[in-house]
Amino acid sequence: LEILAFPCNQFGGQEPGTNEQIEQVVCTRFKAEFPVFDK
């Protein structure tokens, strides 16, 4: 099983940042080790 993250701002504006900002938050705050793709 592999988790893939696809950020999207279409559902209530949940991901308003840039791709770099989103990846930084996911990797530092949540310690994510799965691939984070561009929106």
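If you count the sequence shown from 1, position 1 lands on 4 in this note's numbering, and the numbers rise without skipping.
C-beta: ideal position from N, C-alpha, C; glycine also.
Next on the checklist: Using 8 Å for Cβ pairs, my map puts residue 33 next to residue 6. What's the rounded Cβ distance?
Outcome noted: With 8 Å as the limit, residue 33 and residue 6 do not qualify as a contact, their Cβ atoms being about 12 Å apart.
Next on the checklist: Within a Cβ cutoff of 6 Å, which residues of the same chain sit near residue 80, ignoring the five residues on either side of it in sequence?
Outcome noted: In this structure the chain extends from 4 to 42, so residue 80 is not present and cannot be described.
Next on the checklist: Going by beta-carbon coordinates alone, are residue 39 and residue 19 separated by less than 9 Å?
Outcome noted: no
Next on the checklist: Going by DSSP, what residue range makes up the alpha helix (DSSP H) through residue 30?
Outcome noted: 22-32
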